[in-house]
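**Student:** Letter by letter, the sequence shown follows residues 8 to 171 in our numbering.
Each residue gets a CB set at the ideal place from its N, CA and C atoms; glycine is no exception.
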Amino acid sequence: MENNVYSTPESELISKEEEHAELASRWSRLGAALVDAIIMIPISITLMYFTGGFDVLQTGTEPGIIYNFMIGIANLIFYMLINGRFLLANGQTLGKKLLNIKIVSVDGKKAELNHLLKRYGFYFFIALFPVVGPLLSLVNILFVFSKSKRCLHDLVAGTHVVKA
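(1) How would you label P141, buried or exposed, when you count the other beta carbons within 10 angstroms and need 16 or more for buried?
(2) Please report the residue range of the beta strand (DSSP E) in which T166 lies.
(3) So, is S153 buried or exposed, given that buried needs 16 or more other C-beta atoms within 10 angstroms?
(4) Which value, in whole angstroms, describes the spacing of the CA atoms of V151 and I72?
(5) Return yes when the C-beta of T58 is under 6 Å from any heavy atom of the ligand PLP, and no when it is not.
(6) Compute the Euclidean distance between the alpha carbons of G115 and A28, then round it to the nearest angstrom.
(7) On the CB-based measure, 16 or more other CB atoms within 10 Å of its CB, does V139 come out buried or exposed?
(8) Thinking just about the alpha-carbon of each residue, which of Y86, I52, K117 is nearest to the one in G102?
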């Protein structure tokens, strides 16, 4: 390095894109969500069976918001019993682990508990509301088609899903 104050800088510049891991594909995110759903569906069906949810559906009406809230909380508890340890350790559910992707914070670091609570809290909260819940869930998922490949729950929580 020369001491000429008028010479051009010689430092190596690193772009922001090179600092972070590669974003997970939409297909791998879908695959991970399907694996997680396949694990949770039998649990949800069992909960609905033993709490009378199917009886209400047979009358042609939807369960009320209180019932949806209670089932949602029960499902969230089971989901966290199954995936909580993996999520806290490395930002992966069983589905994400199987598809080799993980959740990280927007700055590329390991997703902390506050990120995970916002992410899954938002995801489960919007699904609780009859009629509006499924529409909001659809909007949430459609955000994955944006350039950043981030769903609405990723934006709320400040997370990305990247290749592990």
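**Tutor:** Reading it off the structure:
(1) If you number the sequence shown from 1, residue 141 lands on position 134. Exposed, since its Cβ has fewer than 16 Cβ neighbours within 10 Å.
(2) As a first step, residue 166 is located in the sequence shown; it is residue number 159 there, counting from the start. Unbroken beta strand (DSSP E) run through T166: 166–170.
(3) Indexing the sequence shown from 1 puts residue 153 at position 146. Exposed, by the Cβ-count rule.
(4) As a first step, residue 151 must be located in the sequence shown, where it is residue number 144. As a first step, residue 72 must be located in the sequence shown, where it is residue number 65. Their Cα atoms are separated by approximately 28 Å.
(5) What this structure holds is no ligand at all, so the ligand PLP is not there to describe.
(6) By one-based count along the sequence shown, residue 115 stands at place 108. By one-based count along the sequence shown, residue 28 stands at place 21. The straight-line gap from Cα to Cα measures roughly 7 Å.
(7) Taking the first residue of the sequence shown as position 1, residue 139 is located at position 132. It counts as exposed.
(8) Stepping through the sequence shown from its first residue, residue 102 is reached at position 95. Answer by Cα proximity: Y86.
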